Each structure stands twice: as structure tokens, then as C-alpha cells.
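Here's the structure, in C-alpha cells; my notes come after.
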Amino acid sequence: MSSGASTRTASVEDPQVHETLASSADVAQPPSYLAEVWVNFKRWNLKALRNPFIVVGSVVQPVVFLLLFSEVFGGVVGAAIGDAAGVGYLTFLVPAIVIQVALIAASSSGIGLVNDVENGMFEKVLVTPMRRSAVFVGKTLSEMVRVAVQGVLIIVLGVVLGATVETGVLGALAMVGVAVLFSLWFTAFSNVLALVTRDQESTIIGANLLVFPLLFVSSAFLPVESLPGWMQVVARLNPITYGVDATRTLMLEGWNWSALAPDLAVLVALDVVLGALAVYMLTRASSARV
Numbered sequence: 001m002s003s004g005a006s007t008r009t010a011s012v013e014d015p016q017v018h019e020t021l022a023s024s025a026d027v028a029q030p031p032s033y034l035a036e037v038w039v040n041f042k043r044w045n046l047k048a049l050r051n052p053f054i055v056v057g058s059v060v061q062p063v064v065f066l067l068l069f070s071e072v073f074g075g076v077v078g079a080a081i082g083d084a085a086g087v088g089y090l091t092f093l094v095p096a097i098v099i100q101v102a103l104i105a106a107s108s109s110g111i112g113l114v115n116d117v118e119n120g121m122f123e124k125v126l127v128t129p130m131r132r133s134a135v136f137v138g139k140t141l142s143e144m145v146r147v148a149v150q151g152v153l154i155i156v157l158g159v160v161l162g163a164t165v166e167t168g169v170l171g172a173l174a175m176v177g178v179a180v181l182f183s184l185w186f187t188a189f190s191n192v193l194a195l196v197t198r199d200q201e202s203t204i205i206g207a208n209l210l211v212f213p214l215l216f217v218s219s220a221f222l223p224v225e226s227l228p229g230w231m232q233v234v235a236r237l238n239p240i241t242y243g244v245d246a247t248r249t250l251m252l253e254g255w256n257w258s259a260l261a262p263d264l265a266v267l268v269a270l271d272v273v274l275g276a277l278a279v280y281m282l283t284r285a286s287s288a289r290v
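Numbering (full-length UniProt numbering), first residue to last: 1 to 290.
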């Protein structure tokens, strides 16, 4: 009897047993927030990499935009921009294209979410215990990677073609950071739009209704002062203007924080408000068990 008891005691005190019990306890614990974010980040990146149209488009699109807009607008307004800003139109344009490709990449985020809704994957995610903010953050981080890659491509190509970055390499990286910061609010908006419409065509139309009008009623392709009076009012309320102005400050003026700080503050405020709205919509969709 005592021998059996000692055997049982020894077996419980065996280090291997403790290790097994600890492993079982770890398995029973819910995954950390970072682990949940990583799962979503990895899933969306793999989904993008498996689609050759997304991979090729992410590389070709910014190159086409820069070459096309520099040729079309450069011949028409290049001289006037040069006289007003003291730089070539290509240097003036590069920050705008960096923000443009960030905006378009962000607008496509909602389309991916609609695809999940249509194929049933979204409902499977909702029934998991995964935190809704982790779902949104992981998906958003995957979009940020694409925005960063495209931003680097635009700046490198611009420099190769003759554009100059006043703040050097560090400033170029900061421009990419601004583009990523800018993309967050529209990524959130695109996902909110997808959750409201739950239809791919409606999401695409809704995003495009905003993207292209807002681009042209901003400081992207012309200085705000060159726009008609009513457009100047709209442009100064347009979030795209703040993103373009921040990147353009880094490109043309240097580390001018008196100009950078207000633009960055507006972008951060938009990110917080629309990010919170996107998480709320995901949570509400979860409670409704769509």
C-alpha cells in the first residue's frame, strides 16, 4: 500500500509530469491578443499573395500612376507649379501619388471583407472567441504592408526620374509612414462600408464615389490656392489634403514641424474615430451573428 502511494507521489512530482501539466494549462488558456492579431495578419497577407492580380497590381499600379500623371499634368501645369513652388512638377507630384496609392489600397480593404461575407468565412470568424479589435487590427496591418511597399516604389521611382527629397532617406521613410497613417482611416471606412452594404458592387461604387472626387478637390495635383473659391473650401476640409500636405512638406521643405504637426494630428484623429467605428461595427455584427 505504502509502496503504491509512494509511486503515485513520485509520479506526480516527476518533472516530466509537471511539464505535461503546464503544457496542458497553456493549451487551455486563450491565445494572447498579439497571437490573434498575427493570425489575421497572416491570413490576409497569404490571401493577397495567392492572388497574382493583387501582387502584380500592387507593383505596376503605382508606377503607372506616377508616369501617367507626371506626363499628363506636367505638360499643362508643370511650369506654373515650378514658378510657384520652386521645384519641378515631378517632385511636387510624388507625394500626391504616394497618398493616392495608399487611398486606393485602403479602399480595396472592404472588398476583401465582402468576399469573406459572401463565401461564409466572415461568419466563421464571428463565432470564434477571437477579439473583434484583433480581427480589425490584423487585417489593417496587412493593408499597411501593401501601402508601405507601394510608397517605397513611388519614392524610389520618383528619385530615379529626377525628383528630390529635401529630408533625404529618413524623410523618405517618414513619407511612407505618413502614407500608412493616412491609409488607416480609409481602411476603416472601407470596412464599415462593407459591413453596411455586404455587397461587393455597392462597396466598390461607394468607395469610388469618394476616392476620385476627393483626390481632385484637394492639394494633390494643384496648390489649393489655384483651385476655384468653393473648391478651396472643400479642399481645406478634405482629409486627402492633410495627407498630401504632410508628405509634401517632408519632400519639399524639410522637418517643418509647425506645418507637419497639424496635418498629422488630423490624420490621427480620423484614424481613432473611424477605427473605433469599424471595431464597433464588427462587434455589432458578431452579436447579431450575421
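Ideal Cβ positions, reconstructed from N, Cα and C, are used throughout, including at glycine.
Keep in mind it's a predicted model, so treat the numbers as computed, not measured.
Over the uninterrupted alpha helix (DSSP H) stretch that includes residue i, give me the two end residues.
i	result
L141	R132 to L161
P213	Q200 to F216
N115	S109 to N119
T241	P239 to R248
Within 10 Å of its beta-carbon, does residue i have 16 or more other beta-carbons around it, so buried, or fewer, so exposed?
i	result
K42	exposed
I204	buried
V156	exposed
M1	With a pLDDT of 47 at M1, under the threshold of 50, the modelled position of that residue is not reliable, and the figure given next carries that caveat. Counting Cβ neighbours within 10 Å, M1 comes out exposed, since fewer than 16 surround it.
N191	buried
A35	exposed
M281	buried
V279	buried
A269	exposed
V272	exposed
S3	With a pLDDT of only 49 at S3, under 50, the local geometry of the prediction cannot be trusted, and no value is derived from it.
A246	buried
S70	buried
N256	exposed
A25	Its pLDDT being 43, under 50, A25 is placed unreliably by the model, and nothing is read from it.
P213	exposed
V147	buried
L209	exposed
P52	exposed
Using three-state DSSP, classify residue i as helix, strand or coil.
i	result
L267	helix
A174	helix
W255	coil
F53	helix
F221	coil
S190	helix
S70	helix
T91	helix
T167	coil
S6	Bear in mind that the predicted position of S6 carries a pLDDT of just 46, short of 50, making it unreliable; the figure below should be weighed with that in mind. Residue state, collapsed to three classes: helix.
A25	Annotation note: pLDDT 43 at A25 (below 50); position unreliable, coordinate value reported separately. Here A25 sits in helix by DSSP.
P62	helix
S183	helix
L227	coil
V39	helix
T128	coil
A278	helix
H18	Unreliable positioning characterises H18 in this predicted model, as indicated by a pLDDT of 43, which lies under 50. The coordinate reading is nonetheless provided below. In this structure, H18 counts as helix in the three-state DSSP scheme.
P31	coil
Measure from the alpha carbon of residue i to the alpha carbon of each residue in the options, then state which is nearest.
i	options	result
K139	V87, I111 and G171	I111
F216	M121, I155 and V234	V234
S142	D245, L46, A276 and V273	L46
I99	R50, G243 and R284	G243
P95	A261, W230, E253 and D271	E253
S109	A134, M144, E71 and V63	M144
E201	L173, T187 and V114	V114
F122	L267, W257, W44 and M251	W44
A179	S133, T249 and T197	T249
D263	M175, W230, L277 and R284	M175
G168	M251, T187 and A259	M251
V72	L93, V127 and V56	L93
R198	G120, A265, V211 and T128	G120
F189	F136, G57, I154 and R236	F136
W38	T128, A134 and L181	A134
L267	W185, L277 and A102	W185
E166	I54, L68, Q61 and T91	T91
V101	L227, G57 and V160	G57
State the CB to CB distance for the pair residue i and residue j, rounded to an integer number of angstroms; the pair is presumed to be in contact (CB under 8 Å).
i	j	result
L66	G158	6 Å
G162	G88	7 Å
A220	I240	6 Å
S218	A106	About 15 Å; that fails the 8 Å criterion.
G206	L193	5 Å
T283	R132	5 Å
I154	I97	5 Å
L195	A285	6 Å
For chain D, check one thing: does any of its Cβ atoms lie closer than 8 Å to the Cβ of residue i?
i	result
L181	This model lacks chain D altogether, as it is built from one protein chain only.
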